[in-house]
Ligand SMILES: NC(=O)c1ccc[n+]([C@@H]2O[C@H](COP(=O)([O-])OP(=O)(O)OC[C@H]3O[C@@H](n4cnc5c(N)ncnc54)[C@H](OP(=O)(O)O)[C@@H]3O)[C@@H](O)[C@H]2O)c1
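In my numbering, the protein residues as written are 1360 to 1645.
Next up, the structure:
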């Protein structure tokens, strides 16, 4: 039995559909059962909030392999993950595949990536077999880096990022979850090429026929330009440091993992934009 958390979300939902296509015995572990995707043959376990260890224990009874999708950003996200991992161990789960982040480290520039480092450490010490899928920034977010005014603003300088499409991440996860041979492996999942945000702006301009451009900001300018959102400081710091990590070269990593594991070349930004013209709807007038 394979359990997929986050199945109401983008990556978890995609993985669940791929596992169902492969005929894998599947349980969707979700917070709200009413919002679980309808997938023939899949069991649904609701009420499964990571922080609620007993609910997670019930949801994971009889599960062999768990895909643990990282939680939404929160100040106590690592504690939430620890609770879910401990529940998995208590439930007798044998293998955890954790959706992590590229270059996660205790001192990663991208502040949200630090949670993944601490979560990975907890998984390693839990005694279960594990595989880490360290995703780059989702390609799906690149069009959204540009505002409706057609400007990508952020302190990314001329750093590069090899963003990876959620669909490619889901393809890899489906392979890793249903095949042996990935224990103790860390797969860095990236797109086929690393690009600067100025190059991303050029690609977005080509795709939309508009004028998209990149404007570099200092860290302070970036904090100030995001302050009107009203988001708490730690959230704004997470947004801003996404760009700062690009500037620092920490996301300038391109691997062959997607192709090696799925047999297919990962989508480039141009491929993604062709496949998802709706991702640029907000830029059509730019
Ligand atoms: N690589 C990147 O660029 C990038 C960018 C953003 C986020 N991420 C991380 O990648 C994860 C998956 O991405 P996504 O696009 O699939 O996100 P998504 O569409 O927001 O889905 C997140 C899923 O996780 C569930 N979830 C969140 N917090 C939870 C908790 N505390 N307990 C139980 N379930 C929880 C959500 O359940 P509900 O439907 O009940 O909310 C949802 O099903 C995100 O959660 C985030 O940690 C990565």
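C-beta atoms are modelled at their ideal positions from N, C-alpha and C, and glycine is treated no differently.
With a CB to CB cut of under 8 Å and the five nearest residues on each side skipped, what residues in its chain are close to residue i?
i            : result
residue 1542 : 1454, 1488, 1489, 1490
residue 1500 : 1522
residue 1493 : 1459, 1460, 1461, 1462, 1463, 1475, 1545, 1546, 1547, 1548
residue 1613 : 1521, 1549, 1550, 1551, 1552, 1553
Measuring only the C-alpha atoms, how far is residue i from residue j?
i            : j            : result
residue 1567 : residue 1635 : 12 Å
residue 1382 : residue 1420 : 20 Å
residue 1625 : residue 1508 : 29 Å
residue 1387 : residue 1503 : 29 Å
residue 1433 : residue 1427 : 16 Å
residue 1616 : residue 1423 : 25 Å
residue 1519 : residue 1531 : 23 Å
residue 1572 : residue 1602 : 15 Å
residue 1586 : residue 1595 : 7 Å
residue 1497 : residue 1633 : 16 Å
So what does residue i bridge to, in DSSP terms?
i            : result
residue 1510 : 1572
residue 1387 : 1363, 1403
residue 1544 : 1490
residue 1426 : 1363, 1456
residue 1554 : 1520
residue 1497 : 1523
residue 1505 : 1511
Taking buried to mean at least 16 other C-beta atoms within 10 Å of its own C-beta, is residue i buried or exposed?
i            : result
residue 1380 : exposed
residue 1484 : exposed
residue 1583 : exposed
residue 1588 : exposed
residue 1535 : buried
residue 1322 : As shown, the chain starts at 1360 and ends at 1645. That puts residue 1322 outside it, with no answer to give.
residue 1574 : exposed
residue 1540 : exposed
residue 1392 : exposed
residue 1400 : exposed
residue 1365 : buried
residue 1517 : exposed
residue 1479 : buried
Which residues in the same chain as residue i place their Cβ atom closer than 7 Å to its Cβ, once the five residues preceding and following it in sequence are excluded?
i            : result
residue 1373 : 1525, 1526, 1529
residue 1477 : 1437
Among the residues of its own chain, which have a CB less than 6 Å from the CB of residue i, if the five just before and after it don't count?
i            : result
residue 1511 : 1504, 1505, 1556, 1560, 1573
residue 1581 : 1513, 1514, 1599
residue 1425 : 1362, 1447, 1452, 1455
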